[in-house]
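J.: Per the numbering used here, the sequence shown runs over residues 106 to 173. No residue lacks a Cβ here, since even glycine has one placed at the ideal position from N, Cα and C. Keep in mind that this is a model prediction, so the values were computed, not measured. Here you go, one structure.
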Amino acid sequence: MILLIMIFPITFIIRMVMINIMANHDYFTFFTTLISTTVGVGATYFANYLFENEKRKKYYKKNLIENQ
Numbered sequence: 106m107i108l109l110i111m112i113f114p115i116t117f118i119i120r121m122v123m124i125n126i127m128a129n130h131d132y133f134t135f136f137t138t139l140i141s142t143t144v145g146v147g148a149t150y151f152a153n154y155l156f157e158n159e160k161r162k163k164y165y166k167k168n169l170i171e172n173q
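And the structure:
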């Protein structure tokens with residue numbers, strides 16, 4: 106599921122980079138897109154990491170209680 110979310114910004118940035126390099130050499134748009142996409146992807150990774158971490162903690166806690 107997370108990979109599906111990750112694919113959209115990546116395809117978006119590739120398209121934007123191609124348009125910007127070939128068409129008008131507008132570096133402001135290029136870097137703005139680069140930064141916003143990086144932030145979006147980073148936030149997605151971070152949210153996924155936190156979510157997985159919480160799931161892992163609950164799982165281990167449950168197993169710990171069952172094994173005692």
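Could you have a look at asparagine 153 and say whether DSSP puts it in helix, strand or coil?
T.: On the sequence shown, residue 153 is found 48 positions in, with the first residue counted as 1. In this structure, asparagine 153 counts as helix in the three-state DSSP scheme.
J.: Taking 8 Å as the cut-off, decide whether the C-beta atoms of methionine 121 and threonine 138 are in contact.
T.: The count along the sequence shown starts at 1 and reaches residue 121 at position 16. The count along the sequence shown starts at 1 and reaches residue 138 at position 33. The answer is yes: Cβ separation under 8 Å.
J.: CA-CA distance, glutamate 157 and asparagine 168?
T.: Taking the sequence shown and counting its residues from 1, the one referred to as residue 157 is at position 52. Taking the sequence shown and counting its residues from 1, the one referred to as residue 168 is at position 63. Roughly 17 Å separates the two Cα atoms.
J.: Between asparagine 125 and phenylalanine 135, is the Cβ-Cβ spacing less than 8 Å?
T.: Position 20 of the sequence shown, counting from 1, holds the residue named residue 125. Position 30 of the sequence shown, counting from 1, holds the residue named residue 135. Cβ distance < 8 Å, so asparagine 125 and phenylalanine 135 count as in contact.
J.: If we ignore side chains and look at the alpha-carbon of each, how far apart do phenylalanine 133 and alanine 152 end up?
T.: Locating residue 133 in the sequence shown gives position 28, where the first residue counts as 1. Locating residue 152 in the sequence shown gives position 47, where the first residue counts as 1. The straight-line gap from Cα to Cα measures roughly 28 Å.
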